[in-house]
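Structure first, commentary second.
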Amino acid sequence: MEIILSAAIGILSASGIWLLLRPRSFQVIIGLCLLSYAVNLFIFSMGRLTPGAPPIMPKGGFVDPTRYADPLPQALVLTAIVISFATTALFLVVMIASRGMTGTDHVDGKERSQ
Amino acid sequence: MAEHNLFLLLASLPFATALILLTLSPTSRSASAWLSGASLAAGLVVQAGFLSDIRDGTVLRASMEWVPSLGMNLALRMDGFSWLFTTLVLSIGILVVIYARYYMSAGDNLPRFYALLMAFTGAMQGILISGNVLGMVVFWELTSFMSFLLIGFWHQGAAARDGARTALIITALGGLCLLTAMLILGYVAGSYDLGIILRSGDAVRAHPWYGAILGLFLLGAFTKSAQFPFHFWLPGAMAAPTPVSAFLHSATMVKAGVFLLVRFSPVLGGTEAWFYVVTSIGMATLILGAAVALYRHDLKGLLAYSTISHLGLITALAGIGGPMAILAAIFHICNHAVFKASLFMAAGIIDHETGTRDMRRLSGLFRPMPFTATLAIVAAGAMAGVPLLNGFLSKEMFLAEAVDWHNGTWLDNALPYFAIVGSTLSVAYSLRFIATVFFGPQATNLPKTPHEPPAWMRRPVELLVLICLVVGILPALTLGQIVNTAARSVAGPDLPYYKIAIWHGVNAPLMLSMIALAVGTLIYAFSAKSIPTGPEGPFLLHRIRGQRIYDWLLFRLSWRLPRMALALMSTEALQPQLRLLVLGGIAVAVASLWSGLTWAQDLRLHAFNPAFALLWTVGAACAIGAAWQAKYHRFAALVLLGGAGVVTCLTFAWFSSPDLALTQLLVEVVTTVLLLLGLRWLPKRRSEIPEDKLLPAKIRRGRDLVIAVVGGVGIAAIAFAVMTRPVISNVGDWFLGNAYYEGGGTNVVNVILVDFRAFDTFGEISVLAIVGLTVYGLLRRFRPAPESIEAPDQQTGDSPSLDDYLYVPSVIMIWMFPILVMVAGYFFFRGHDLPGGGFAAGVTLAIAFLIQYIATNVRWVEARITVLPIRWMGFGLLGAVATGMGAWLFGYPFLTAHARYVDVPFVGQVPAATALLFDIGVFATVVGAVVLMLVAIAHQSLRASRRREQDEIAARKEAA
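Just so you know, the sequences run in chain order A and B. If you're matching positions, the first sequence starts at 1 in full-length UniProt numbering and goes up one per residue. If you're matching positions, the second sequence starts at 1 in full-length UniProt numbering and goes up one per residue.
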């Protein structure tokens, strides 16, 4: 399972990085989204993989922390999901505005040949 | 205790007055003058109350807690020296207030002027009475800023702006040096308390860092009191209104530097380094300032250089540093303040009544304005050191120090010669001032016909000149005692009483004074003809201008250098920047992990599950497919991106984080819709770009592919290395153990978000709100590309309209609205105990709105539902803050939560933590921000269609 997930993280981030280096703004947005999946999974996996033990506590009584998934990476990733949505939205709008102003969707604001 | 409170009142009064003055209307001229004057007078009354204690040698203290956890207090301290100086500042302040009332013209905003003046007074007073050296530096920098505003008060003029900027840059840079010096000094002395530092002189002087402290300290003091080579900011500051010059350059601002030198001379002084640096700089400034003053044609320019020269004199005395030198320095600080303030005011009157300050045009003013002329002549006499005036006494003491005091060095032997040159030159420029302006033929071509000023404009000058005379004739009766007290508080209580007297018999200083008067007169007599036609500086020296060097340096530093750096290190193109960023990230990771990344001894691996493998086969295919297709097939790439997102979401669910899975799924929906809306505005790309087939493009793609693969493999390796290690117990365990007892919720992730780490969440929703507003703001000004304004093919021509072929789904979607609202409520209320919470609920509600926009159209929705996203955001943010501040009412820190269960009829036990209120804030902010972004983008097509209609109407009109 660990091998699969780390391979998945690797593929997601490689695709994300490749798109990040592309010239068209839409490619960069897609790349950022893929990269944010990869990073979220990466942070999440730092708490190790624990199937079938969500951090929902009983009401009262002794709590054995080793029996539950680590809640801290989960809380961090929850925040990260929302923030990455916000940055995606912002970048999308900047992309649209830049396209309106420069007449091209190249990230540098002009085509390479110009 | 009463004294303690009075002290605090004294310190805060000018600032409070400044705040009140700011609220007055610009036309209330007299009211603002009265208020400022009364405030300063009240300060003087408090000072009078302190006098008896000060005379006894008591040191008054007061302190107020500021940041108790850091041991930082707002400490105040007053001894004889600071009492004398504060009284001087307040007294001259009152006179300046009166003078300014008549000097400033009707067009000036007088309340604003007085507010700045009061704030400046407060800052200056703060330097004098601060009991903590760091507090002193804060006030020090505050005087720099306030003087910037005051010098640039007539900011319409370029000269005022330049002068203000130069003054700020020089003095604030000096202030930074001073801050560093004080930090080291406090560290060496073991305390930042002024009293303790003043007692630990021996330890400081013996410390290896003494040199650094001294250098930085002197940079601070010299820049402030305009010592060579930093003197050039002061003449530039003459662009200020004259009352400002009279205040800043007589009793305050520049005197702060010499105050510091005198104050800290027991700690830092007495060493060879101190003597050489301070005395030589002081002497150089004394002679240079006096020499240049003789050649200046501008009245205020002459006074400015004279001020520089007199500050040099005081600095030289501080450098000599013996008890008598300290006494002389303090005495000269007072005397110079009095005569220089009156001279600046007189110069202001002349400028005001004649319209010019150019001494080549002014002449024979004694006849039209005899009173002012008499006053100015007496004050100039004090400046020159004429007997029976106050300037004579302290200059005499300076000469006595130069002659009588010895430590056997070459500089000491040279002191009398330097002193006599400075004195002689000061006689010469004083004489030039008197002779050119008031005598000779009466000038005829002045801009205004000169006459006496309004009586109250002259009163302050009259009073100051009277003080010059009284102190000059009866020194022991007037200032004698308090100057001694002040000197004793600096140099130690053992200082014997020194009786200041006019007549000490015929001795060396008196002879030197007489020589200076005689030679100075001769110098002026011989050069009177040549000065007005010559350059504004002595032979050769006028070519070396500090201002020019400063301008050259500043131009290099603030214009040329940044542009060179920009050309060298930056590119305007984003693509290379991103590449560098990625490469840098990889380089940092490699550098830090090269030898450290090892696999665990025995790998902790979960059993292989074919379903999970299949899941990620699909996920990987989606990711690679999205990367493949994003250029020419955007819609396909978007769908594939969604596929990768769903697989990610399932992975979260698989490994026990239902909260993440839920949020990811909801955000996935919103992101996809958002990107779909954005696709509309991108250029059509059906044909392939021909250049993509060329070799350079292939090389670029190959290189990027290598970078991407290296990055991906690296991240995968790190993830694998960490995932297979045994878990180390961490703060997460504490959260698990205490979520229910401390946070009152069983869903630990939610409790972390809204209780344990609520402040982080608060920051996060603020970011979300800011992004929402930015999106809204950007789109309001947005002009779409011309080819995108046309209605898309689907909406034109013969194709059936959207309403027709999505009729059934759209009805269902409209009906979904109440259900989704209920689902959102459900997510929200179960959030504290089970997966859900404010984020998930907020996004769900946003989706509910969104679906309405998709199902119908903007106009249909907005005719039926009023969504005010900005209010949602404002309500959410303020609610979250209010919840956090509610904890203060019960004496807990910001955002401390309280939790309990409440029995609600028919519903049962409901968790009612204050965290729930906070979660409402999160919920509302998320709804507001998400809806605001989506609506802002959706409205673009509305605006585009409106523009189309307008174009059509215009075209039709033109045709008609």
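Cβ coordinates follow ideal geometry from the N, Cα and C atoms, glycine included. Since the structure is predicted, the reported quantities are computational estimates derived from the model, not experimental observations.
- Task: Output the distance between the C-alpha atoms of S656 (chain B) and I169 (chain B), rounded to the nearest integer angstrom.
- Result: Between the alpha carbons of S656 (chain B) and I169 (chain B) lies a distance of about 59 Å.
- Message: Suppose you measure from the CA of Y37 (chain A) to the CA of T17 (chain B); what does that come to, to the nearest Å?
- Response: C-alpha separation (whole angstroms): 57 Å.
- Excluding five sequence neighbours on each side, which residues of the same chain lie with their C-beta closer than 6 Å to the C-beta of D755 (chain B)? Taken in chain order, the residues that qualify are G743, A897, A915.
- Task: Would you kindly work out how many angstroms separate the C-alpha atoms of V669 (chain B) and R48 (chain A), rounded to a whole number?
- Result: Rounded to the nearest angstrom, the two C-alpha atoms are 28 Å apart.
- Task: Anything in chain A within Cβ reach of residue 990 (chain B), meaning under 8 Å, just list it in chain order.
- Result: With chain B running from 1 to 960 in the structure shown, residue 990 (chain B) is simply not present.
- Message: Is the separation between the beta-carbon of G385 (chain B) and that of K395 (chain B) shorter than 7 Å?
- Response: The Cβ atoms of G385 (chain B) and K395 (chain B) sit closer than 7 Å to each other.
- Item | Spatial neighbours of G80 (chain B) in its chain, beta-carbon cut-off 6 Å, leaving aside the 5 residues before and after | These residues qualify, in order along the chain: I54, T485, A486, S489.
- Query: How is the alpha helix (DSSP H) around G886 (chain B) delimited, first residue to last?
  - Reply: Per DSSP, G886 (chain B) is one residue of the alpha helix (DSSP H) stretching across 869 to 889.
- Query: So, helix, strand or coil for R357 (chain B), using DSSP?
  - Reply: Assignment of R357 (chain B) by DSSP, reduced to helix, strand and coil, places it in the coil class.
- Task: Find the nearest neighbour of K448 (chain B) within the set B:M514, B:P370, B:T354, judged by alpha-carbon distance.
- Result: K448 (chain B) has its Cα closest to that of B:T354, out of B:M514, B:P370, B:T354.
- Message: Looking at T223 (chain B): is its Cβ nearer than 7 Å to the Cβ of T279 (chain B)?
- Response: Not closer than 7 Å, so no.
- Message: Am I right that I531 (chain B) and Y295 (chain B) are in contact with their C-beta atoms under 8 Å? What's the rounded C-beta distance?
- Response: Distance from I531 (chain B) to Y295 (chain B) at the Cβ level is roughly 6 Å; contact confirmed, criterion being Cβ atoms closer than 8 Å.
- Task: Report the rounded CA-to-CA distance for H939 (chain B) versus G678 (chain B), giving the unit in angstroms.
- Result: Taking the straight line joining both Cα atoms gives about 12 Å.
- Any chance you could list the alpha helix (DSSP H) runs of at least 4 consecutive residues sitting entirely within the region 813 to 870 of chain B, in chain order? Qualifying alpha helix (DSSP H) stretches, in chain order: 838 to 855, 858 to 864.
- Among all the DSSP beta bridges, which residues are the ones paired with D747 (chain B)? The amino acid occupying residue 747 (chain B) in the given sequence is Asn; Asp does not appear at that position. Paired residue(s): A:I56.
- According to DSSP, is residue 969 (chain B) helix, strand or coil? The structure shown does not extend to residue 969 (chain B), since chain B is modelled only from 1 through 960, so no value can be given for it.
- Using the C-alpha atoms, what's the distance from E572 (chain B) back to R560 (chain B)? Between R560 (chain B) and E572 (chain B), the alpha-carbon positions lie close to 18 Å from each other.
- Query: Between A402 (chain B) and the rest of its own chain, which residues show a CB-CB distance below 6 Å, the 5 nearest in sequence each way excluded?
  - Reply: Here the set comprises L415, P416, A419.
- Item | Straight-line Cα distance separating I151 (chain B) from T121 (chain B) | Rounded to the nearest angstrom, the two C-alpha atoms are 14 Å apart.
- Query: So, does the CB of V927 (chain B) fall closer than 7 Å to a CB anywhere in chain A?
  - Reply: No, no contact with chain A.
- Task: Would you mind sorting E764 (chain B) into buried or exposed? The rule is 16 or more other CB atoms within 10 Å of its CB.
- Result: Buried, by the Cβ-count rule.
- Item | Contact with chain B by L49 (chain A), beta-carbon distance below 7 Å | Output row for L49 (chain A): interface = yes.
- Query: Tell me which same chain residues have a C-beta within less than 7 Å of the C-beta of Q577 (chain B), skipping the five on either side of it?
  - Reply: Only T571 meet the Cβ criterion.
- Message: For I11 (chain A) and R680 (chain B), I'd like the C-alpha separation in whole angstroms.
- Response: Cα-Cα distance, rounded: 29 Å.
- Query: Is it true that the CB of V749 (chain B) sits closer than 7 Å to the CB of P71 (chain A)?
  - Reply: Yes, Cβ-Cβ distance for P71 (chain A) and V749 (chain B) is below 7 Å.
- Message: DSSP three-state label for D108 (chain A), please.
- Response: Reduced to three states, the DSSP call for D108 (chain A) is coil.
- Message: On a Cα-Cα basis, can you pick out the residue from A:Y68, A:L35, A:R99 that is closest to A80 (chain A)?
- Response: Among A:Y68, A:L35, A:R99, the Cα nearest to that of A80 (chain A) is on A:L35.
- Cross-chain neighbours of Y740 (chain B) in chain A, by beta carbon under 7 Å: Listed by position along chain A, the residues whose Cβ is nearer than 7 Å to that of Y740 (chain B) are M57, K59, G60.
- Task: List the endpoints of the continuous alpha helix (DSSP H) containing F433 (chain B).
- Result: Counting along the chain, the alpha helix (DSSP H) containing F433 (chain B) begins and ends at 410 to 438.
- Query: Since P323 (chain B) and L495 (chain B) are thought to touch, with beta carbons under 8 Å apart, how far apart are those beta carbons, to the nearest angstrom?
  - Reply: Sure, about 5 Å apart at Cβ, within 8 Å.
- Can you tell me the Cα-Cα spacing of V935 (chain B) and A929 (chain B), whole angstroms? Each residue's CA atom was taken as its position, placing V935 (chain B) and A929 (chain B) some 10 Å apart.
- Query: When the Cα of A293 (chain B) is compared with those of B:A337, B:F275, B:L234, which residue comes out closest?
  - Reply: If we check each option's Cα against that of A293 (chain B), B:L234 comes out closest.
- For S130 (chain B), which beta-bridge partners are listed by DSSP? Answer by DSSP bridge pairing, in chain order: B:L76.
- the region 11 to 34 of chain A: which residues have C-beta closer than 9 Å to a C-beta of chain B, in chain order? I11, L12, S13, A14, S15, G16, I17, W18, L19, L20, L21, R22, P23, R24, S25, F26, Q27, V28, I29, I30, G31, C33, L34: these are the residues of the region 11 to 34 of chain A whose beta carbon lies less than 9 Å from some beta carbon of chain B, given in chain order.
- Item | Beta-carbon proximity of A246 (chain B) to M345 (chain B), cut-off 7 Å | Closer than 7 Å, so yes.
- Message: Quick check: is any heavy atom of the ligand SAM less than 6 Å from the C-beta of A11 (chain B)?
- Response: Absence of the ligand SAM is noted for the structure shown, with no ligands found whatsoever.
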